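Visitor:
Residue numbers (mature numbering (1 follows the signal peptide of the UniProt record, and there is no 0)): -20 to -1, 1 to 226.
1) Once DSSP output is grouped into helix, strand and coil, what is the label at residue 151?
2) Does the distance from the C-beta atom of residue 161 to that of residue 24 stay below 9 Å?
3) Should the region 82 to 93 be called in touch with the region 30 to 41, which here means at least 3 C-beta pairs below 8 Å?
4) Mind checking residue 30: buried by the 16 CB within 10 Å criterion, or exposed?
5) Please return the same chain residues whose Cβ sits closer than 6 Å to the Cβ of residue 19, not counting the five positions on each side in sequence.
6) Can you tell me where the beta strand (DSSP E) with residue 109 in it begins and where it stops?
7) Return yes when the Cβ of residue 59 is within less than 9 Å of the Cβ of residue 94, no when it is not.
8) Quick one: what's got a C-beta closer than 8 Å to residue 16's C-beta in the same chain, skipping five residues either side?
9) Helix or strand or just coil, what does DSSP make of residue 32?
10) Roughly how many angstroms lie between the CA atoms of residue 143 and residue 56, to the nearest whole one?
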């Protein structure tokens, strides 16, 4: 009896979730948005996927996308993907990027991502391009037209569906962590929350050492007299040698 009730309840949740695509109300989604979602376990937000301060990526074993959301309005995005070249199949382009920031749930059922402009990073690898493997800044505000959370019938796990602004469907992402795995939800590089620029400051000790090394060294009076006496002695020896030769 209990087993039948459980199956019925699970089926009801799946049906409600299917109807919930594009509906932001929590009552029509089978669970909340907060958590880490991923299309492939190899790709996940948080951890060391990207180290923005070092302009560095740690490449995962496989391609995939991952999003994390908090109940307080922060998001993080990690993507690693390939782009085929129909005219030249050997020129497969690999793109990896990461960004984080804030997100907004809009009244029309859409989600807008507002990244921290100084923190995002992207790297494109193109074996047929003149220049490749260059990491640069990435700041892409993104709009998803609608979204929904259902239960995947084959795994029983929560599944996030996102549709882009043009209707294109994103790959399914499954819930992998709750609470989410994320980097600190604050500006990490460039201008910090107070509007000041993060920079490495030279300590007072370093400055004093630099000044001392650049200025001529001072000698004591006794040292100066000793040097003068030595010069007089050398001059006397040279004069004596010259008189002896006459």
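Where is the CB? At the ideal position from N, CA and C, for every residue including glycine.
Note that the structure is a prediction, hence the values are computed from the model and not measured.
Guide: From the atom records:
1) coil
2) yes
3) no
4) buried
5) 44, 45, 151, 153
6) No beta strand (DSSP E) holds residue 109; DSSP gives it neither H nor E.
7) Contact: no.
8) Around residue 16: 24, 25, 26, 46, 47, 48, 155, 156, 157, 158, 160, 161, 162.
9) helix
10) 17 Å
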